[in-house]
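Here's the structure we're looking at; comments come further down.
Written out as structure tokens, the structure is:
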């Protein structure tokens, strides 16, 4: 029976990592959830990014073997406004992506998530994205790394940004560009905190992020064929395994119905008190696995598998 793969993004441990948590600790906590995948952020997780020491790379692969984990997604950035007097060119954007593709390949990752500078509050990417990505497709194919821009709140699925990405896939016919869904887009209840920031200031400055985009889970059907990886964003799961913002009881059945069999990679973005993230990630994995098991028990094989029988 087709099932989800489970992983964790080290972004979940943002304030712990480097303070009360080492890379060894992070690997241990990821493996402790029963995960098989680990996701990292290039600029914060890799020393001397983008050229880590050989000794670090050797240790990276030793840890992967020890904890029986596989690299999933390398999160990276294309800082289109790093110079205040001008925007980055398409050629410069492609060079940045090439750098991250090579690093991802070197570390064993199958996906990269480039985050371009945005033009508005709906996260419309800088117009160079299309030219920069198209220039990168040959290298992505050569290295067999898939480029995945993120559909992130407050951008919904049915939106010109998403439609532009889909049109690009259909125009080029590439298999090395797709979509990454961040489940924060399905948030349907307000946050009570956001990381370690000033929450009152966040509510005033970015109310759409606090109160939720409320994308219907049914809209996943529009794009699921282009989605090989999902960031399982969440903010607060209580001791009873009840998520206070993200409707997993609707998301998980929809993904199962659509035959999704890729990664759900935990991305905790709640309170940043020390060690809180560790327990929150454990709770999320318990919740997601329970919901998947309940669906499988009630429905048997997913539709996609049944159709092939």
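Residue numbers (the working numbering): 332 to 640. Even for Gly, the Cβ is constructed at its ideal location relative to N, Cα and C. Keep in mind that this is a model prediction, so the values were computed, not measured.
Roughly how many angstroms lie between the CA atoms of residue i and residue j, to the nearest whole one?
i           : j           : result
residue 347 : residue 363 : 17 Å
residue 521 : residue 543 : 6 Å
residue 401 : residue 531 : 39 Å
residue 552 : residue 385 : 43 Å
residue 602 : residue 541 : 14 Å
residue 529 : residue 549 : 34 Å
residue 480 : residue 509 : 7 Å
residue 439 : residue 380 : 15 Å
residue 663 : residue 570 : As displayed, the chain neither begins before 332 nor continues past 640, which places residue 663 out of reach and without an answer.
residue 329 : residue 353 : The question about residue 329 has no answer, for the chain in this structure spans 332 to 640.
residue 465 : residue 341 : 29 Å
residue 506 : residue 333 : 22 Å
residue 390 : residue 371 : 15 Å
residue 426 : residue 556 : 28 Å
residue 533 : residue 412 : 23 Å
Please go through the same chain and pick out, in chain order, the residues whose beta-carbon is closer than 6 Å to the beta-carbon of residue i, but skip the five residues on each side of it.
i           : result
residue 407 : 373, 431, 443, 445
residue 594 : 336, 338, 368, 403, 560
residue 635 : In this predicted model, residue 635 has a pLDDT of only 43, less than 50, meaning its place in the structure is not dependable; the value taken from the coordinates is given anyway. Answer for residue 635: 590, listed in chain order.
residue 387 : 378
residue 558 : 510, 512
Pick from the options: whose alpha carbon is nearest that of residue i?
i           : options            : result
residue 468 : 488, 499, 456, 483 : 499
residue 343 : 487, 357, 394      : 357
residue 585 : 626, 565, 501      : 626
residue 421 : 391, 461, 546, 399 : 461
residue 478 : 392, 497, 616, 398 : 497
residue 616 : 562, 501, 534, 539 : 562
residue 517 : 413, 485, 494      : 485
residue 345 : 624, 607, 515      : 607
So, helix, strand or coil for residue i, using DSSP?
i           : result
residue 574 : strand
residue 598 : strand
residue 338 : strand
residue 560 : strand
residue 385 : helix
residue 375 : helix
residue 442 : strand
residue 453 : coil
residue 367 : coil
residue 579 : helix
residue 488 : coil
residue 498 : helix
residue 419 : coil
residue 477 : strand
residue 615 : helix
residue 513 : strand
residue 395 : helix
residue 350 : coil
residue 409 : strand
residue 636 : At residue 636, the pLDDT of 46 sits below 50, so the modelled position is not reliable; the number obtained from the coordinates is stated separately. It is helical.
Once the 5 residues before and after residue i are set aside, which same chain residues still bring their CB inside 7 Å of it?
i           : result
residue 622 : 579, 580, 583
residue 455 : 449, 492
residue 653 : Absent from the structure is residue 653, since the part of the chain shown begins at 332 and ends at 640.
residue 349 : none
Between residue i and residue j, is the Cβ-Cβ spacing less than 8 Å?
i           : j           : result
residue 337 : residue 376 : no
residue 605 : residue 409 : no
residue 403 : residue 596 : yes
residue 482 : residue 513 : yes
residue 434 : residue 405 : yes
residue 610 : residue 564 : no
With a CB to CB cut of under 8 Å and the five nearest residues on each side skipped, what residues in its chain are close to residue i?
i           : result
residue 575 : 520, 523, 566, 567, 568, 569
residue 429 : 467, 470
residue 458 : 450
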